[in-house]
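Asks:
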Amino acid sequence: MLMLCSNGLTCRALRDQVRQEPHKLHKEKPRAALIVTSDPIYKEKNYHVARCLQELESLGFSVDLYDFDYQRAEMLLAYDCAELIGGNPYTLLQSLRKSQAQPILKELAKHHILIGWSAGALVLGPTIDLIEQYFPEMNTLNLTDLTGMNLTSRQILPHYHQFLNRDPQYEILCQAYEQDHHCEIIRLSDGEGIIIDSENDSFIRIQ
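Numbers in our numbering are just positions in the sequence shown, counted from 1, shifted up by 47.
1) Once the 5 residues before and after K157 are set aside, which same chain residues still bring their CB inside 7 Å of it?
2) Give the secondary structure of F250 by DSSP, where H, G and I count as helix, E and B as strand, and everything else as coil.
3) Go through its chain and collect everything with a Cβ distance to L100's Cβ below 7 Å, but skip five positions before and after it.
4) Determine contact between the region 219–228 and the region 183–193, defined as no fewer than three beta-carbon pairs at a distance below 8 Å.
5) In terms of alpha-carbon separation, which member of F108, L56, H228, C128 lies closest to I160?
6) For V170, which residues does DSSP report across the bridge?
7) Can you tell me whether D86 is buried or exposed, with buried defined as 16 or more other CB within 10 angstroms of its CB?
8) Label N54 either buried or exposed according to how many other C-beta atoms from any shown protein chain fall within 10 Å of its C-beta, with 16 as the threshold for buried.
9) Check the C-beta distance from G167 over to I132 and give it rounded, since I have them as a contact under 8 Å.
10) With a 10 Å radius around its C-beta and 16 neighbouring C-beta atoms as the bar for buried, classify A97 as buried or exposed.
11) Please determine, among S105, P183, M185, E91, the residue with the shortest C-alpha to C-alpha distance to L112.
12) For E184, count neighbouring Cβ atoms within 10 angstroms of its own Cβ and tell me buried if that reaches 16, exposed if not.
13) Residue range of the alpha helix (DSSP H) that S109 falls in?
14) With a threshold of 16 other CB atoms inside 10 Å of the CB of F115, please say whether the residue is buried or exposed.
15) For L220, which three-state DSSP category applies?
16) Can you tell me whether R201 is helix, strand or coil according to DSSP?
17) Tell me where the alpha helix (DSSP H) around E104 begins and ends.
18) Helix, strand or coil, according to DSSP, for R119 in the structure here?
19) Taking only the alpha-carbon atoms, compute the straight-line gap between E121 and Y94 and give it to the nearest angstrom.
20) Which residues in the same chain as R62 place their Cβ atom closer than 8 Å to its Cβ, once the five residues preceding and following it in sequence are excluded?
21) Return helix, strand or coil for E239, following the three-state DSSP convention.
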């Protein structure tokens, strides 16, 4: 299962979707990896980590912290679920490339549970170029190739209403991007997510 969210498993409907999956594995204590790499500075001390740990544990998972910068991507295959948290999408994308994580992430999405939210969701799609329209200052690595992991052709815009309330131009930029790139952006507000069917790349919205 591939789930892309705005700000994590922050609504009951999203948690219920994930809760159902371990039962299909017939495991009493499934394992989850919480991937902290998207925060280039604080990593496991990122303030979201405690909440995400609690969410996964409440769903019955035994949770370990994982960092692509220091651990081999193949290690994730020992887990039933992996969650990529928010942070800097540029540093996360570079870390995924260096660790050659794409085939591992594809395997997780196809046979287990792969959750990405905010930056973690952006890098799993075809490109993070949309974020370049809004926050180019985050690209401290000066990446020019913004191609994502391509686990789906779907592109999301996380935290949609949060930023729209701050700046009415937020939607105008999104529409301009859609026109220029001939695509549809899935706008996700906090508490929302989508589940993507790996067979045909269709999705259902969860909120």
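Note that CB positions come from ideal geometry on N, CA and C, so glycine has one too.
Replies: Judging by the given coordinates:
1) For this step, residue 157 is matched to residue 110 along the sequence shown. If we look at K157 and ignore the five residues flanking it on each side, its Cβ neighbours are S245.
2) As a working mapping, residue 250 is identified with position 203 in the sequence shown. Strand.
3) Here residue 100 corresponds to residue number 53 of the sequence shown, with the count starting at 1. Result list for L100: L81, V110, in chain order.
4) no
5) In the sequence shown, residue 160 corresponds to position 113, counting from 1. Closest option to I160, Cα to Cα, is C128.
6) For this step, residue 170 is matched to residue 123 along the sequence shown. Answer by DSSP bridge pairing: none, since V170 is not bridged.
7) Residue mapping note: residue 86 aligns to position 39 of the sequence shown, counting from 1. Result: buried.
8) On the sequence shown, residue 54 is found 7 positions in, with the first residue counted as 1. Buried, because 16 or more other Cβ atoms sit within 10 Å of the Cβ of N54.
9) If you number the sequence shown from 1, residue 167 lands on position 120. If you number the sequence shown from 1, residue 132 lands on position 85. With 8 Å as the limit, G167 and I132 qualify as a contact, their Cβ atoms being about 6 Å apart.
10) Taking the sequence shown and counting its residues from 1, one reaches residue 97 at position 50. By the neighbour-count rule (16 or more Cβ atoms within 10 Å), A97 is not buried but exposed.
11) Residue 112 sits at position 65 when you count from the first residue of the sequence shown. Nearest option by C-alpha distance: E91.
12) Looking up residue 184 in the sequence shown gives position 137. Result: exposed.
13) Translated into the one-based positions of the sequence shown, residue 109 becomes position 62. Per DSSP, S109 belongs to no alpha helix (DSSP H); it is in the beta strand (DSSP E), 109–113.
14) Against the sequence shown, residue 115 aligns to sequence position 68. With 16 or more Cβ atoms within 10 Å of its Cβ, F115 is classed as buried.
15) By 1-based counting over the sequence shown, the position of residue 220 is 173. Helix at L220.
16) One-based indexing of the sequence shown puts residue 201 at position 154. Residue state, collapsed to three classes: coil.
17) The residue given as residue 104 occupies position 57 in the sequence shown. Where E104 is concerned, the enclosing alpha helix (DSSP H) stretches over 96–105.
18) Start at 1 with the first residue of the sequence shown, and residue 119 comes out as number 72. Reduced to three states, the DSSP call for R119 is coil.
19) Reading the sequence shown from its first residue, position 74 is the one you call residue 121. Reading the sequence shown from its first residue, position 47 is the one you call residue 94. So the two alpha carbons sit approximately 27 Å from each other.
20) Working through the sequence shown from its first residue, we reach residue 62 at position 15. Here the set comprises L56, E102, S105, L106.
21) As a first step, residue 239 must be located in the sequence shown, where it is residue number 192. Coil.
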